[in-house]
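Have a look at the structure below before the remarks.
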Amino acid sequence: YAHSFEVWYKGQLVGGLYGVAIKEVFFGESMFSRISNASKIAFVYMVKYLQRWRYKLIDCQVYSDHLRSLGAEEIERSRFETIINRCASGETAARKWQPTEITGLIAI
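Residue 102 in the working numbering is what sits at position 34 of the sequence shown, and the numbering runs on without skipping anything.
The following block contains the structure:
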């Protein structure tokens, strides 16, 4: 399943990210910001939900300083494959994904 985390300000989409959730792994595909740090806000909320739902891994695909600043860690391919194989037997989390709106938050 593909999912997005969006940041809206004054009726405009200003940032967010999307990715694909398979079993207990979220594969991040893309992030964007039209105003500074909007994608970071989306990322923080995504991590909060994935932790609550006991996801085991967020695959960011390409390691970067930006992702490092958000807490990402680069891991060896063999460790990645071990985690993916272990998570393949996990529960499908589709029923957990319901549209949720968080209102009233303004981050400056």
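Built from N, CA and C at the ideal position, the CB exists for glycine as well.
Asked	Found
Quick one, which of GLU97, ILE103, LEU85 has its alpha-carbon nearest LYS78's?	ILE103
Under 8 angstroms, do PHE100 and ASP127 count as touching if we go by C-beta distance?	no
Would you mind reading off the limits of the beta strand (DSSP E) that contains SER101?	93–101
Leaving out five residues before and five after ILE176 in sequence, what residues of the same chain have Cβ atoms less than 8 angstroms from its Cβ?	Per-residue confidence for ILE176 stands at a pLDDT of 42, beneath the threshold of 50, marking its modelled position as unreliable; the derived number appears in the next sentence. So no residue of the chain qualifies.
Along the alpha helix (DSSP H) that carries GLN80, what are the first and last residues, could you check?	Unbroken run through GLN80 is the beta strand (DSSP E), 80–90; no alpha helix (DSSP H).
Which residue from PHE148, PHE73, LEU118 puts its Cα closest to that of LYS108?	PHE73
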